[in-house]
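Data first, discussion second: the structure below is written as structure tokens.
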Amino acid sequence: GGAPEWARVYNVTVSPFHAGTAYAAFDAHELGNNHAYVYRTRDYGKHWTNISRGLPDSSVEVVREDPDHAGLLFAGTLSDGLWYSRDDGAHWQALHANLPGGVSVMDLTFVPSTHSLVLATHGRGIWVLDNLRPIEDYDTAIAAAPL
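This is the structure we're talking about:
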């Protein structure tokens, strides 16, 4: 389904890898709706696909793609912290990274030279995840292989 009528477009980010690909986060918490609404387009906005499945029931304030790894997405939520997807939004996982519980992640920016991610929170300061390489380099095929 689509985002609710009158939901705010909180963030739109363009993929640095694929022309025509962008991601959008919608926020409807002021309408009493705290569900996640994250969408992806691959055709310059003509069609949008909901990629929110697996995210918590918390408005998503920002979604960004890692500038070094296509399809590695990070989403900041209003009340459930930081989430990430290694498969362009098909599956999401919480990234706790010692963040305070219930933290609102309002914006994200990458520092490619150090593989860091900077989080701007609401009332909890600025946080720096100073080494994303374990997430960037994680190989799901190796992790799923039998020992």
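Residue numbers (UniProt numbering): 1 to 147.
The beta-carbon is built from N, C-alpha and C at its ideal position, and this holds for glycine as well.
Check                                                                                                                            : Outcome
Among 76, 13 and 86, which one has its Cα closest to the Cα of residue 134?                                                      : 86
Taking 8 Å as the cut-off, decide whether the C-beta atoms of residue 77 and residue 59 are in contact.                          : yes
Buried or exposed: where does residue 17 fall if 16 or more other Cβ atoms within 10 Å of its Cβ makes it buried?                : exposed
Would you kindly check if the distance between the Cβ of residue 82 and the Cβ of residue 55 is under 8 Å?                       : no
Are there 16 or more other CB atoms within 10 angstroms of the CB of residue 113, so buried, or fewer, so exposed?               : exposed
Under 8 Å by Cβ, that's how I've got residue 24 and residue 34 pegged, so tell me the actual separation to the nearest angstrom. : Contact doesn't hold; Cβ gap of about 18 Å is too wide.
What are the partner residues of residue 75, as DSSP defines its beta bridges?                                                   : 63 and 83
Please state whether the Cβ-Cβ distance between residue 105 and residue 38 is less than 8 Å.                                     : no
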